[in-house]
Amino acid sequence: MQQLNVITLLEDLGVEIIIVAVIACAASVVLRKFKNVSAKVCLFISFAIALTLTFFTETVMFSLSLSESAQKAVTSGALAIVLTSFIKKIAFMDKQDIKSGLEKLLSSIVLSDELDKVVNDIVEKLKSETNVDEQSVKDVLKENVKSDLDEATLDMVAKFIIKALSDSVKK
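With the sequence shown counted from 1, adding 3 to any position gets you this note's numbering.
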């Protein structure tokens, strides 16, 4: 049902709005890749590009009124922000993001003074080994977890870490 709502929404917007939003998203992603800009600046740039291009296109090429052009420009900018934030999350995840995510995940089951050690052990193990499996992650966790952690939770966390790391390697 959600897919149908998205398709209906995109059909109602107009092809030019979607094309400009995609172009703005691509431009901000390329800019972020080559220049060291923050994620918020990247989103703002995406919005500004879409807003400007759509307003210009609708006013000059399609001869719409200023209010109609402004409305479509804001819609295109909003769509560009949504696309950019979705792409940004996938494209710009780096090792520091992975490490931060691991720390957040493990903070509930690992003693706080051992958290850095566990995360660094996992990262080092991944760097040194070409084949890291669930058992190797579980071994590192078992060395440093609280004593009241059950096997099912340990399995779930190890599977989640392996899945997250394998997804980030595919990118």
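For glycine and all other residues, C-beta sits at the position ideal for the given N, C-alpha and C.
*How far does the alpha helix (DSSP H) with threonine 62 in it reach, from first residue to last?*
Along the sequence shown, one-based indexing puts residue 62 at 59. Per DSSP, threonine 62 belongs to no alpha helix (DSSP H) and is neither H nor E.
_Alpha carbons only, please: which of Ala27, Ala42, Val40, Ser88 is nearest the one belonging to threonine 55?_
Looking up residue 55 in the sequence shown gives position 52. Nearest C-alpha to threonine 55: Ala27.
*Evaluate the contact criterion for the region 68–75 versus the region 32–45: three or more CB pairs, one atom per stretch, below 8 Å.*
no
*What does a CB cutoff of less than 7 Å around phenylalanine 50 pick up in its chain, not counting 5 residues either side in sequence?*
The residue you call residue 50 lines up with position 47 of the sequence shown. Closer than 7 Å at the Cβ level, and outside the excluded window around phenylalanine 50, lie Gly80, Ala83, Ile84.
*Under the three-state DSSP convention, the category lysine 38 falls into*: The residue you call residue 38 lines up with position 35 of the sequence shown. Here lysine 38 sits in coil by DSSP.
*Pick helix, strand or coil for glycine 104, following the three-state DSSP scheme.*
For this step, residue 104 is matched to residue 101 along the sequence shown. If DSSP states are grouped into helix, strand and coil, glycine 104 belongs with the helices.
*asked:* Between which residues of its own chain and threonine 60 is the CB-CB distance below 8 Å, once the five residues before and five after are set aside?
replied: The residue labelled residue 60 in the question sits at position 57 within the sequence shown. Excluding positions up to five away in sequence, the list reads Glu19, Val23.
*If you run the structure through DSSP and keep just helix, strand and coil, what is aspartate 158?*
As a working mapping, residue 158 is identified with position 155 in the sequence shown. Helix, per DSSP.
*Quick one, which of Asp136, Glu154, Asp153 has its alpha-carbon nearest alanine 167's?*
To locate residue 167, count along the sequence shown from 1; it is residue 164. Considering only alpha carbons, the answer is Asp136.
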